[in-house]
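First up is the structure itself, then whatever we jot down about it.
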Amino acid sequence: MLLLLFAFAFCDDPDDPPAPREPVPTAQQLYYQRHPLSSFIHFSMNTFTGSEVGDPSIDPNVFNPTDLDTDQWISTLKKAGFDRVLFTAKHHDGFCLWKTQTTNYSIENSKKFQEKYPGGDVVKMVADSCKKYNLNLGIYLSPWDRHAPEYGTDAYNDVYKAQLRELLTNYGPIVEIWMDNYRDDSVEKRRQKYDFLGYFSLIKELQPDCIVASPYASDIRWIGNERGIAGELCWYTINSTYVREYFEENHKIPNDYQKVGDVNGDVYAPAEVDFTIQKAGWFWSSDKEQVKTIDELTQIYFDSIGRGQIFLMNVPPNDQGKFPQKYVDRVLEFGRAINRSFGRNYANQSMAVSATAVRNRNPRYDPKNLFYIDNPELYWSMNDGMLTGYVWFDFVKTIIFDAVSVVEHMELGQRVSKFTIDYEQNGFWKTFASGLTIGELRLFRSKPISAQKLYIKIEDSEAVLAIESWGLYKLQDGFELGQFIPTRIFESKNVHFEGDWSIDGENNVTSKVGASATSKFHGSYCSVVGPLDPEYGTMEIYVDGTLRGTVNVSHEYHRDRRELFRIGDLENGDHELKVVCASKKIGVYHLYYLDNYEIGLFEIASRDYKVVKGEEVEIEIKRIGGSKTTVQVLVKTDFFTAKNNKHFVPFNEVVTFEENEVSKFVKIQTLNYAEEEDLIFNVVIDEATLGSEVGFNYSTMVTISGSETPKPDDDDKETKIFFIAGICGAATMAVIITILIVFQCMRREKKEYNFLSKNSQDFLSKDSMNKYNY
1 MLLLLFAFAF CDDPDDPPAP REPVPTAQQL YYQRHPLSSF IHFSMNTFTG
51 SEVGDPSIDP NVFNPTDLDT DQWISTLKKA GFDRVLFTAK HHDGFCLWKT
101 QTTNYSIENS KKFQEKYPGG DVVKMVADSC KKYNLNLGIY LSPWDRHAPE
151 YGTDAYNDVY KAQLRELLTN YGPIVEIWMD NYRDDSVEKR RQKYDFLGYF
201 SLIKELQPDC IVASPYASDI RWIGNERGIA GELCWYTINS TYVREYFEEN
251 HKIPNDYQKV GDVNGDVYAP AEVDFTIQKA GWFWSSDKEQ VKTIDELTQI
301 YFDSIGRGQI FLMNVPPNDQ GKFPQKYVDR VLEFGRAINR SFGRNYANQS
351 MAVSATAVRN RNPRYDPKNL FYIDNPELYW SMNDGMLTGY VWFDFVKTII
401 FDAVSVVEHM ELGQRVSKFT IDYEQNGFWK TFASGLTIGE LRLFRSKPIS
451 AQKLYIKIED SEAVLAIESW GLYKLQDGFE LGQFIPTRIF ESKNVHFEGD
501 WSIDGENNVT SKVGASATSK FHGSYCSVVG PLDPEYGTME IYVDGTLRGT
551 VNVSHEYHRD RRELFRIGDL ENGDHELKVV CASKKIGVYH LYYLDNYEIG
601 LFEIASRDYK VVKGEEVEIE IKRIGGSKTT VQVLVKTDFF TAKNNKHFVP
651 FNEVVTFEEN EVSKFVKIQT LNYAEEEDLI FNVVIDEATL GSEVGFNYST
701 MVTISGSETP KPDDDDKETK IFFIAGICGA ATMAVIITIL IVFQCMRREK
751 KEYNFLSKNS QDFLSKDSMN KYNY
């Protein structure tokens, strides 16, 4: 009983939290920042004219999509993991894509459109699709209106407010109104004094939770460029007096000010970082249908979300009214890469953690809180006045990662202004990344590294720090900067380059056919690691003078540090490896070999497996580069978007390879779950013994197809507490319950950014506010 009283007393223990650094975000702003994947959909008269600004004299009948399919737009974005769309209800030409009483220049007066889509209202179609696919809807409503005769007078403010009222009362929940500050003074001579404060007041009256993006110091600001780049230094706050006075005089805000913000600002206004998926242009046209590469989208992701800001990618439909297929493919490829890269936080494992100090020695501010979940009151902080400090992590074993995230406790405002992330490798400390502001998220990537120790050093802060969480990730599918190179294979030190070679970044490259790179080594395995590139051709691989293979190193994207070729069946001894340029151009990063007395190394046969839910998947473990002696390896599953005992039965077993055995299979059972979505878990070769080594492909992703009709499971999988009760006596059980109560009080679901999105039509429900899914 005393233990139980202690547990509850601990939960209710008063504390002395750091004072908020004002201004702090509203609940709506915080939700937006934790669900940062947004998409513009630019679709209007300009889609049919090829214009970007728009011409108000164009006949409404020109707007005539032949196969309008808003379901295709929204389902694509939903499947890719986006949280919301912002639809261009009215662009600068003034043409309205909804049934409006404010002008005759609207969809209602496009006879061709109304004949094909009777009663057609494009905003309603988009809203219905958003409701169908559970995606939040925002509206772009251009203040500049080239068609409105009232523009340039006070009467126009009434017109604009009437349009806001129509949109905010007739189409269900609207999560954002986006007010563009663009106006081309070369074609618009009328000057309009916008009643922004009146607009804001009306929006909040009609839909209090609606976010407002504007150039007038509202809930969200524009980042200051259309390239998708936030500032390395980027404060969420701005000075409302400066912004509004400057806008009234200049009809714009300095781009650099919007990019950086104002450390002493009085309005909390994080930035939306907008860009278009096309190479150029916000609206589709046949001569603009070139899509950004996955590498370009990845860089924008790290330059926007990775700097704590809101990602806003424009995907424009064509004149048929559909996303071009190449746009669909790229959006889904991008979403898949996010899913596979950030579905698992590898910092969530056993480790030792310590810090410079703990605020008032109170467990609520201990650095261990960086790992707990489901209680926003827990974070790491120190005593007032302490503006620098570090937190240090020591993992039980070496782990492999190539991305690190850090998060501030934003309920108390943004604080950190300079920090560094270091890791220890082979006894030496190296810098993984350094940055300025942190805010709701900082995310860095590098080439894959293996390390056991890591620390985050806060070098400067505007107030005592409050760090809420951190993460380690292994990037996939174009987000990664290179392939992991096993730690126990050897890099050839004496490579002889013959022909015309040069250095390009980290690679030796040549475009001279016949040029070669040669290395002599002792061992039973050799490997060629180098880049792939669209301009590359083929290379020939010779071992001991015999041609062993020809490799096509051309690829849609440039990719560094890829294992291009390997030979794992050599007799242990002295060999010569030679790489020859056979066509166009090739690159070599390093040549590697294995010399471990023919014990070999262990890999998983495929990088990807697929299985229907409820079925068993068979994973092959291969031994290459030798098979002498008996060796054991630990093979285990690692949850990702699929969870242990909910979507698959966890596997954690030692697999024994007898001498001369080169292949083994493990079987993993998936479960029949209710969701009809594809989910992923990892299978990893975790440890090897007797000097063996895991190879390049030490892990694989298993995708469970959720499209099959699930069968009910025979057993209830959620019976762990009854199992405990069955094996414990009453006294022991009381102690366990006490421990569980204490643990539950301290435990919290790690605030996980919407790298993966949990889209919620219930915009600010209690449940949706807790779903921050890494």
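All residue numbers for the sequence shown refer to UniProt numbering, where the first residue is 1 and numbers rise by one.
All residues carry an ideal CB built from backbone N, CA and C; glycine is no exception.
For S707, there is no enclosing alpha helix (DSSP H), since its DSSP letter is neither H nor E.
Boundaries of the beta strand (DSSP E) around M351: M351 to A355. Going by C-alpha positions, E166 is about 9 angstroms away from K99. By the Cβ-count criterion, D402 is buried, with 16 or more other Cβ atoms from all chains shown falling within 10 Å of its own Cβ. I503 counts as exposed, since fewer than 16 other C-beta atoms from the protein chains shown sit within 10 angstroms of its C-beta. Measuring C-alpha to C-alpha distances from V85 to each of Q669, V617 and V175 identifies V175 as the nearest. F565 places its beta carbon 8 angstroms or farther from that of F696. Under the three-pair Cβ rule at 8 angstroms, the region 570 to 581 counts as touching the region 509 to 529.
Fewer than three Cβ pairs drawn from the region 538 to 554 and the region 464 to 482 lie within less than 8 angstroms of each other, which leaves the two stretches out of contact. Cα atoms of A217 and E296: separation of roughly 30 angstroms, rounded to the nearest angstrom. For R364, there is no enclosing beta strand (DSSP E), since its DSSP letter is neither H nor E. Judged by DSSP secondary structure, V404 falls within the beta strand (DSSP E) whose first and last residues are G389 to E408. Nearest Cα to I229 within the set I300, I467 and F602: I300. Counting only residues of its own chain and dropping the five nearest sequence neighbours on each side, G568 has a CB closer than 6 angstroms to the CB of Y525, I624 and G625.
One Cα belongs to T293, the other to H92, and the distance between them is close to 29 angstroms.
Counted as a single uninterrupted DSSP element, the stretch harbouring C210 is not any beta strand (DSSP E), since DSSP gives it neither H nor E. Counting only the Cα atoms, H409 lies some 11 angstroms from P25. Within the same chain, Cβ atoms closer than 6 angstroms to the Cβ of V617 are found at Y609, V611, I668 and V702, the five residues on either side in sequence being excluded. Within the DSSP secondary-structure output, N682 pairs in a beta bridge with D638 and M701. For G152, the CB contacts under 7 angstroms within the same chain, skipping 5 residues up- and downstream, are R190, R191 and Q192 in chain order. Taking C-beta atoms as the reference points, K585 and V509 count as a pair closer than 8 angstroms. With a contact defined as Cβ atoms closer than 8 angstroms, W73 and S129 qualify at about 7 angstroms. Taking 8 angstroms as the upper bound for CB-CB distance, S527 and E462 are not in contact here, some 49 angstroms apart.
K90 sits buried, since 16 or more C-beta atoms from the chains shown fall within 10 Å of its C-beta.
E249 has its alpha-carbon roughly 47 angstroms from the corresponding atom of L472. In this structure, DSSP gives K520 an extended state, which the three-state scheme calls strand. Residue pairing of S527 in beta bridges, as defined by DSSP: R566 and Y592. Here DSSP, grouped into helix, strand and coil, assigns Q290 to coil. N507 and H590 have their C-alpha atoms roughly 8 angstroms apart. If you draw a 10 Å sphere on the C-beta of T487, you find fewer than 16 other C-beta atoms in it, and that means exposed. Its chain contains L77, F82, V85, M313 and V315 as the residues whose beta carbon lies nearer than 6 angstroms to that of S39, once the 5 sequence neighbours on both sides are disregarded; these appear in chain order. The Cβ atoms of G261 and Y236 lie closer than 8 angstroms to each other.
A Cβ-Cβ separation of about 7 angstroms places V683 in contact with V635 under the 8 angstroms criterion.
Straight across, the Cα-Cα distance linking A280 with Q290 is about 8 angstroms. Judged by DSSP in its simplified three-state form, Y140 adopts strand. Excluding residues up to 5 positions away in sequence, V331, L332 and G335 lie with their Cβ nearer than 6 angstroms to the Cβ of A80 in the same chain.
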